Amino acid sequence: TIDHIFGWVRLDSHVTPSDVFNKAYTNISSPFIPSHTDYTYHSKATPFYIRHAIELKIKNQMLGIEWVKNTEKNKPEIILLNRYIGFLQKHGNDFFDFPVPINSIETVNKWSNNFIHTGQIEHIWEIYSAVLTVKPLFEGGNFRKSNFSESDLKTRLEAYFKNTDFTFIKST
Numbered sequence: 342t343i344d345h346i347f348g349w350v351r352l353d354s355h356v357t358p359s360d361v362f363n364k365a366y367t368n369i370s371s372p373f374i375p376s377h378t379d380y381t382y383h384s385k386a387t388p389f390y391i392r393h394a395i396e397l398k399i400k401n402q403m404l405g406i407e408w409v410k411n412t413e414k415n416k417p418e419i420i421l422l423n424r425y426i427g428f429l430q431k432h433g434n435d436f437f438d439f440p441v442p443i444n445s446i447e448t449v450n451k452w453s454n455n456f457i458h459t460g461q462i463e464h465i466w467e468i469y470s471a472v473l474t475v476k477p478l479f480e481g482g483n484f485r486k487s488n489f490s491e492s493d494l495k496t497r498l499e500a501y502f503k504n505t506d507f508t509f510i511k512s513t
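Under this note's numbering, the sequence shown is numbered contiguously, ending at residue 513.
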C-alpha cells in the first residue's frame, strides 16, 4: 500500500515527545546558549516545551491516539490533556507502569498551563524543578505493561469519554 511505501515520511513529520523535552532540558542546563538574552528567553519559554512534551508523550506515545471522533456529531473531537490525565488517574495503572506519579504530571501540567495562558514568568528554580520532576517520563518508551491490550484501552477510553471513537497510531 501507499502507506507502507511512504510510512517513513509520516514518522519523520511528527515531533517526538523526547525531542520537545530535550529542548526544555537544554534550555535550562546548556552552557552553549549564546547570550544572556537568549538564555533568558529560552529558560522562560521552557514551561511551554514541558507542556507540549507531556501532551505528546501521553496522547501519542503512551496512549497511541491518532484521532478521536465524536460519534454524535460525526466530526473530530478534541480532548484536552487535563482530561487524558484524569483518565490516567482513574485507569492508568491498569495499562502503564508510570515512572512518575500521575499526580506529579498533573501538577506540572497545571503549572505549565499558567505560563501558556497568562505569560506569567516563573522563577528559574520552579522551571528546573518541573523539568526534573517529569524527566523520567522521557527516559523510556511508552511504559505499557506486559499485559497491555489496545482493545481494552479503546473500550475503557470510549466508556470514559462518552460518544467517542478512538483510532490508534499504527505500529511499525
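Every residue, glycine too, gets a C-beta built ideally from N, C-alpha and C. Note that the coordinates shown come from a computational prediction; the quantities given were computed from them, not determined experimentally.
task: Give the straight-line distance between the Cα atoms of Ala394 and Phe439, rounded to the nearest whole angstrom.
output: So the alpha carbons of these two residues sit roughly 16 Å apart.
- prompt: When the Cβ atoms of the segment 496-507 are set against those of the segment 417-435, are three or more pairs found closer than 8 Å?
  reply: The segment 496-507, when compared against the segment 417-435, does touch it at the 8 Å Cβ threshold.
task: Report yes or no: do three or more beta-carbon pairs, one from the segment 446-455 and one from the segment 419-437, lie closer than 8 Å?
output: The segment 446-455 is in contact with the segment 419-437.
- request: Note down the Cα distance separating Ile510 from Ser359, rounded to an integer number of angstroms.
  value: Those two C-alpha atoms are separated by around 17 Å.
Residue span of the alpha helix (DSSP H) that contains Asp435, given as start and end: That run of the alpha helix (DSSP H) goes 422-436.
message: Excluding the 5 residues flanking Arg497 on each side, which residues of the same chain have their C-beta closer than 7 Å to its C-beta?
response: In its chain, beyond the 5 residues on either side, His432 have a beta carbon closer than 7 Å to the beta carbon of Arg497.
- prompt: Does the Cβ of Asp438 lie closer than 7 Å to at least one heavy atom of the ligand PLP?
  reply: Of ligands this structure carries none, so the ligand PLP is not represented either.
task: Give a yes or no on whether the C-beta atoms belonging to Val472 and Thr367 are separated by under 8 Å.
output: Taking 8 Å as the Cβ cut-off, Val472 and Thr367 do not qualify as a contacting pair.
message: For Lys398 and Glu407, I'd like the C-alpha separation in whole angstroms.
response: Roughly 13 Å separates the two Cα atoms.
field: N-terminal and C-terminal residue of the alpha helix (DSSP H) that Val472 is part of
entry: It spans 465-475 - the alpha helix (DSSP H) in which Val472 sits, taken as one unbroken run.
query: According to DSSP, is Phe479 helix, strand or coil?
result: DSSP places Phe479 in helix when its eight states are reduced to three.
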